[in-house]
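One structure below.
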DNA sequence: CCCCGAGCCGAAAATATCTTTCAGAGGTGA
DNA sequence: TCACCTCTGAAAGATATTTTCGGCTCGGGG
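Set out below in C-alpha cells:
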C-alpha cells in the first residue's frame, strides 16, 4: 500500500501539531516560522488575518499562504477555519476543572460555571435515583384524585406552590398549604380518593409530617417527596419519591440543590399527570395561556 | 464610572443555538432564516462565504451580516470562525440523542430522562449566555443596597420569593412582592441606594414592568431577569440578566424551563452577594440554620 | 575571484470576500 | 387613502486573500 507521504490532501482537522512536525523538514525557513506559530498558538493565530500572521512571524502574506497550502489546505482561509475548530477543541478540554467548591474569592464567572455544573449534577443524580414505579403510582393516584393537597414549609414551600400552580392549570383541584395549622385543619377533611403530598428535604419536618399523617390516617393517598426516604415522613406515605442530596458548602446551602432536585421530581409528576389526563389537560393549558395574553404589552423592538 | 459594556455580550463562544432562540423573536423574517440555517447546520454554514449563505437562505449578503451582528459578532467573518469552532465541538461530542420531545405516550421512565436532560441543557445554555459583567454589576449593587424589592407574577413569583428568602437569610433586607398594586405602592418609596429586581420571562409583563419603572424613575438601581433582553422591561433596567429560552412543547410549557433558568440566575446572584458580604453572611446563614433545628423531629432509625 | 542558475522570498497587483450605503418594497396606523 | 417607518437586497466601497513577478541569496563551476 502506498504511503502518501508529504502532501496529504485531506484538510487535517485536529492533529495539526503532528503534521507540522512531519512536514517541517521539507519546509523552507520562513515557512517553518509560520508553521511553528500556528502549531504553538492555534487560538491566537485563528484571530489573525493573513497580514497579521505574516507580520507576527516576520514574513510575508505569500509565505503564509504557501505554508497553508503545504499543510494541506486550499488557502489560508481554510487553515484559519481549521485553527478555530482546533482552538475550540482544546478549549473544551480544559473545562472540567470546575469541580471544586465555590470559594469566597471565586470570580463571578467561575461561580456561574460551578453552580451550573453542580445543578446539572444534581439533576442527573435525581433522575438516576428516582423510583419510576413509585412515581408511576403517584401519577396514577394524582390523575384520578378528587383533590390534591400539598404541604411544604420554608424552601420546600415554593416547590409545593409550583406543583399546585401547575396542577391547577390542567384543571385539577390542587392547593399548596403554607400555614402548618391550616394545613392540618384541611388535612382532616381528606378521605379516600383524595391525595396529600408532603415535601421535605430533611424528611423530618414536623410541620409537614403532621398534616400528612392526618391525611394518611383518614385514608387519603399520601406521597412524600424527600431526600431522606428513611425519615419519619415516610411512615405516613403510600409512595416515597426520593430527591438527591448534593454536597453542600458554606456558601451553597443544601436548600439550593435540594430545591433543584425537588423541582425535577415535581415536574415529572406533573408531566405524568398531564399525559394521563391529556384530553382535559391540553385545552386547559391553552386556555390559561390565552387568559394571560392581554397582560403582556406589545414588544418595543 | 460608566463602561461601555451596556447590553451586548462578548462574542459568544459556544451556546449559539441558545442565543438564536433568545434573539429569534426580535429578528426580522429574513434574519430568522439565516439564524435558523446557522443554528441548524453550523458545520455546513462554516464552509460557506457570505454570498453562499445568502443564496442558501434566499436572502442577501447584507442580511447575513446583519444577523451576524445581532448574534454578537463584529461581522460575518467572526461568526464563521465561531461556527467552525462549534462544528469541531459537536463533531467530538457525538449526539446523546435524547433530544426528542416528550410525547403523550412516553413511558414514565422516558419522561424522567428527557426532562432531566432538557433541564440540564437549559442550565448549560443559561450559564453560557449569562453576561458576567452585568451579573457582577448587579451583585455589587445588591451587596450594598439599603433594601431590595423583587417583583414577579405567576411562575416568576416563586423565583422572586426564592431570591428574597435567601437574601433575607444572609441579613439583607429583601422583599418579594406578589401583588402588583402593592408592588407599585412600595416601589414609589424607593430611592437611590435601593434596589429593584423584576423577573419576567416574556419581558413584557405589565404587572412587573410598572413597579420596576417606578423604582427606576426614583433613582433605585434596577435589574431585569428576563428571557427577552430586548423586551419593554429592559427600558427601565440598569442591568439585564438574560435567561435562556428553551424549545417548548405542548406538554412542556415554557414556564417550566424558564423557571429552571431563572433559578440559576437567581442563585448566581445570591452566591455573588454572599461572597461580597461574607463577613456578615456566614454567621447569618448558620444562625438561621440553627433557629430551624428544633423544627425537625429526630429521625427514626 | 567572478559568473551563473536554482530556488526562496516579499511587494504589489489581481481577485475574492466582506461591509456599508442607499433607495425601493411592503406593511401599519391615522 | 396617505404618510411613515421598517425591512430588504443591489451595488458601491473597503478588506482580506491569492497570485504574479522580479529581486535576492546561496552554492557550484569556470
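Chains as they are written, first to last, in my numbering: chain A, 581 to 881; chain B, 581 to 881.
For glycine and all other residues, C-beta sits at the position ideal for the given N, C-alpha and C.
Check                                                                                                                                                                                       : Outcome
Taking only the alpha-carbon atoms, compute the straight-line gap between residue 715/B and residue 859/B and give it to the nearest angstrom.                                              : 21 Å
Under DSSP, the alpha helix (DSSP H) around residue 730/A begins and ends at which residues?                                                                                                : Note, residue 730/A: premise wrong, no alpha helix (DSSP H); beta strand (DSSP E) at 728 to 732.
Using only CA atoms, which one of 808/B, 659/B, 802/B lies nearest to residue 775/B?                                                                                                        : 802/B
Using CA atoms only, rank isn't needed, just tell me which of 841/A, 756/A, 744/A is closest to residue 791/A.                                                                              : 756/A
In the structure shown, what three-state DSSP assignment does residue 843/B receive?                                                                                                        : helix
Among 778/B, 751/B, 721/B, which one has its Cα closest to the Cα of residue 764/B?                                                                                                         : 778/B
Give, in chain order, every residue of the stretch 840 to 870 of chain B whose Cβ lies closer than 7 Å to some Cβ of chain A.                                                               : 844, 847, 848, 851, 852, 854, 855, 858, 862, 865
What separation, rounded to the nearest whole angstrom, lies between the Cα atoms of residue 598/B and residue 616/B?                                                                       : 11 Å
With DSSP run on the structure shown, which of helix, strand or coil describes residue 805/B?                                                                                               : strand
Against chain B, with Cβ distances strictly below 8 Å, would residue 706/A count as a contact?                                                                                              : yes
Given a cut-off of 8 Å on the beta-carbon distance, is the pair residue 703/B and residue 850/B in contact?                                                                                 : no
Are residue 639/B and residue 606/B closer than 8 Å when you measure CB to CB?                                                                                                              : no
What residues are listed by DSSP as bridge partners for residue 820/B?                                                                                                                      : 804/B
What residues in the stretch 732 to 759 of chain A bring their beta carbon closer than 9 Å to a beta carbon of chain B?                                                                     : 733, 734, 735, 737, 738, 739, 741, 742, 745, 746, 749
What is the DSSP secondary structure of residue 591/B, counted as helix, strand or coil?                                                                                                    : Because the pLDDT at residue 591/B is just 47, under 50, the model does not fix this residue reliably, and the value given afterwards should be weighed accordingly. If DSSP states are grouped into helix, strand and coil, residue 591/B belongs with coil.
Looking at the unbroken beta strand (DSSP E) that takes in residue 777/A, where does it start and where does it end?                                                                        : 775 to 780
Could you tell me the alpha carbon to alpha carbon distance between residue 555/B and residue 723/B, rounded to whole angstroms?                                                            : This structure leaves residue 555/B out entirely; chain B is present only between 581 and 881.
Just checking: is the beta-carbon of residue 795/A within a distance shorter than 8 Å of some beta-carbon in chain B?                                                                       : no
CA-CA distance, residue 529/B and residue 751/A?                                                                                                                                            : The first residue shown for chain B is 581 and the last is 881, placing residue 529/B beyond what the model contains.
Between 634/B, 821/B, 769/B, which has its C-alpha nearest residue 799/B's C-alpha?                                                                                                         : 769/B
Taking only three categories from DSSP, how would you classify residue 639/A?                                                                                                               : coil
Measuring straight from C-alpha to C-alpha, what distance separates residue 717/B and residue 856/B?                                                                                        : 12 Å
Could you give the uninterrupted runs of the alpha helix (DSSP H) lying entirely in the stretch 719 to 769 of chain B, keeping only those of 4 residues or more?                            : 735 to 749, 760 to 767
Considering only the beta carbon of each residue, do residue 822/B and residue 742/B sit closer than 8 Å?                                                                                   : no
Would a C-beta distance cut-off of 8 Å place residue 707/A and residue 773/A closer than the cut-off?                                                                                       : no
Return the Cβ separation of residue 852/A and residue 688/B in integer angstroms, given the expectation that the two are a contact with Cβ distance under 8 Å.                              : 6 Å
State yes or no: is the C-beta of residue 602/B within less than 8 Å of the C-beta of residue 783/B?                                                                                        : no
Which residues, in chain order, does the stretch 646 to 667 of chain B contribute to contact with chain A at a C-beta distance below 8 Å?                                                   : 660, 661, 662, 664, 665, 666, 667
Let me see if you follow: with CB-CB separation under 8 Å, is residue 682/A close to chain B or not?                                                                                        : yes
If you measure between the beta carbons of residue 666/A and residue 662/B, is that distance less than 8 Å?                                                                                 : no
Using a C-beta cutoff of 8 Å, does residue 612/B count as contacting chain A?                                                                                                               : no
Might you give, ordered along the chain, the residues of its own chain that have their beta carbon closer than 6 Å to the beta carbon of residue 825/B, omitting 5 neighbours on each side? : 601, 602, 807
Report the option in 630/B, 623/B, 737/B whose CA atom is closest to the CA atom of residue 842/B.                                                                                          : 737/B
So residue 795/B and residue 754/B are in contact, right, with Cβ under 8 Å, and what is the actual spacing, rounded?                                                                       : Going by Cβ atoms, the distance from residue 795/B to residue 754/B rounds to 14 Å, so no, they are not a contact pair.
Going by DSSP in three states, residue 772/A sits in which element: helix, strand or coil?                                                                                                  : coil
Along the alpha helix (DSSP H) that carries residue 697/B, what are the first and last residues, could you check?                                                                           : 688 to 709
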